[in-house]
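**Q**
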Amino acid sequence: MDKPSSSSSYSSSDRIRLNVGGKIFETTLSTLTKIPDTVLSTMVAERWRGEGELFIDRDPTHFSKILNYLRDGDEFNVPVDRDACEELRREAQFYNLPGLAELCSPQMLNVGDEVQWRREAVDLYWRPFVRYMVDDSLTLPFIYDRNNHTLAKCIGCEEYQDPKCSYLFDIRYEDWAPMKHHMLLMRGEITQLMGEQCCIIAWDNGQQIHLPRSAVRRADPI
1 MDKPSSSSSY
11 SSSDRIRLNV
21 GGKIFETTLS
31 TLTKIPDTVL
41 STMVAERWRG
51 EGELFIDRDP
61 THFSKILNYL
71 RDGDEFNVPV
81 DRDACEELRR
91 EAQFYNLPGL
101 AELCSPQMLN
111 VGDEVQWRRE
121 AVDLYWRPFV
131 RYMVDDSLTL
141 PFIYDRNNHT
151 LAKCIGCEEY
161 QDPKCSYLFD
171 IRYEDWAPMK
181 HHMLLMRGEI
191 TQLMGEQCCI
201 IAWDNGQQIH
211 LPRSAVRRAD
221 PI
């Protein structure tokens, strides 16, 4: 009697349906087997025979993020929300994805650490960063106007600053759009910790700025 074929006999482009806690997901064989020795790659090798669904008795809330990580690797953007990030970290541990678990783990940053902008933080911070670069009287990037008087505030530790001047109303942000790309390439060094949430970073372009630590991560090895 012939034995059932193993998953290795199928094309990597073959589609697989997964029933995760009652919710249906569809992906390809290559995605599920991209990283060896995970729960998903092992499940495919041992249980999938080219048709039908694979059932996983697990909460499906973060499973789409698990699949996106398998597709994107280190380019995957972890959730900004801390609770969601912790939930995803636990799912990554369950599925034996240590790389994703590491991405989701809180990083303890210290003085002297080399850092880069988090990819998901760039869209949130690039305009305030441009404001800071334009106005050389600032060390805090978040600016607002109150009673015709410009103030600066850190959203992390709520420190205030009264700038000596401000050119913020003259900024043409469309001219500065390439800054979003440049920020991903910047490297800086933490020169001072500010309370439990913030730090001062000296960037490689000569700028020094006060930022929430959640906006940065340890720099990739050169």
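In UniProt numbering, the protein residues as written are 1 to 222. Even glycine gets a Cβ: it sits at the ideal position worked out from N, Cα and C. Note that the structure is predicted; figures quoted are calculated from it, not measured.
#1: So Glu46 packs on Asn77, CB below 8 angstroms; how close in whole Å?
#2: Per DSSP, Phe55 forms a beta bridge with which residues?
#3: Taking 8 angstroms as the threshold (C-beta atoms), are Trp126 and Met183 in contact?
#4: How long is the line joining the alpha carbons of Asn147 and Val134, rounded to whole angstroms?
#5: Please state whether DSSP places Gly188 in a helix, a strand or coil.
#6: What are the complete beta strand (DSSP E) segments, minimum 3 residues, inside the segment 52-131?
#7: Rounded to whole angstroms, what's the CA-CA distance from Lys23 to Gly99? Just pull it up for me.
#8: Which one of Asp59, Pro79 and Lys180 has the shortest CA to CA distance from Asn68?
#9: Tell me, which residues are paired with Arg218 by DSSP?
#10: Who are Thr28's beta bridge partners in DSSP?
#11: Measure from the alpha carbon of Asp204 to the alpha carbon of each residue in Glu51, Ala219, Met194 and Leu193, then state which is nearest.
#12: May I ask you to report which of helix, strand or coil DSSP gives Ala202?
#13: Per DSSP, which residues does Ile35 bridge with? Please list them.
#14: Only counting the same chain, and skipping five residues up and downstream in sequence, which positions put a Cβ closer than 8 angstroms to that of Leu54?
#15: Between Ile190 and Glu51, what straight-line distance do the alpha-carbon atoms span, to the nearest angstrom?
#16: Given Glu171, which residues of its chain have a CB within under 7 angstroms of its CB, disregarding the five upstream and five downstream residues?
#17: Which residues does DSSP list as the beta-bridge partners of Ile209?
**A** Quick answer:
#1: The count along the sequence shown starts at 1 and reaches residue 46 at position 46. The count along the sequence shown starts at 1 and reaches residue 77 at position 77. Not quite, the Cβ-Cβ distance comes to about 31 angstroms (not below 8 angstroms), so this is no contact.
#2: Your numbering for residue 55 matches position 55 in the sequence shown. For Phe55, which the question treats as bridged, DSSP gives the partners Asn19.
#3: For this step, residue 183 is matched to residue 183 along the sequence shown. For this step, residue 126 is matched to residue 126 along the sequence shown. Cβ atoms of Met183 and Trp126: closer than 8 angstroms.
#4: In the sequence shown, counting from the first residue as 1, residue 147 sits at position 147. In the sequence shown, counting from the first residue as 1, residue 134 sits at position 134. Note that Asn147 scores 46 on pLDDT, short of 50, meaning its location in the model is unreliable and no value can be drawn from it.
#5: As a first step, residue 188 must be located in the sequence shown, where it is residue number 188. Three-state result, Gly188: strand.
#6: Counting only runs of 3 or more, we get 53-56 and 114-117.
#7: By 1-based counting over the sequence shown, the position of residue 23 is 23. By 1-based counting over the sequence shown, the position of residue 99 is 99. Lys23 and Gly99: Cα-Cα distance of roughly 25 angstroms.
#8: One-based indexing of the sequence shown puts residue 68 at position 68. Comparing Cα positions, the closest option is Pro79.
#9: Taking the sequence shown and counting its residues from 1, the one referred to as residue 218 is at position 218. Answer by DSSP bridge pairing, in chain order: Val115.
#10: Taking the sequence shown and counting its residues from 1, one reaches residue 28 at position 28. Beta-bridge partners assigned by DSSP to Thr28: Arg15.
#11: For the purposes of this step, residue 204 is taken as residue 204 along the sequence shown, with counting starting at 1. Of the candidates Glu51, Ala219, Met194 and Leu193, the one whose C-alpha sits nearest the C-alpha of Asp204 is Ala219.
#12: The residue given as residue 202 occupies position 202 in the sequence shown. Looking at Ala202 - three-state DSSP - the assignment turns out to be strand.
#13: Taking the sequence shown and counting its residues from 1, one reaches residue 35 at position 35. Bridge pairing for Ile35: absent [DSSP].
#14: Here residue 54 is taken as the residue at index 54 of the sequence shown, counted from 1. Around Leu54: Ile16, Arg17, Leu18, Asn19, Met43, Val44, Arg47 and Trp48.
#15: Against the sequence shown, residue 190 aligns to sequence position 190. Against the sequence shown, residue 51 aligns to sequence position 51. In this structure, the CA atom of Ile190 is about 53 angstroms from the CA atom of Glu51.
#16: Mapped onto the sequence shown, residue 171 falls at position 171. The question names Glu, but residue 171 in the sequence shown is Ile. Cβ within range, chain order: Val130, Arg131 and Val134.
#17: Taking the sequence shown and counting its residues from 1, the one referred to as residue 209 is at position 209. Partner(s): Ile201.
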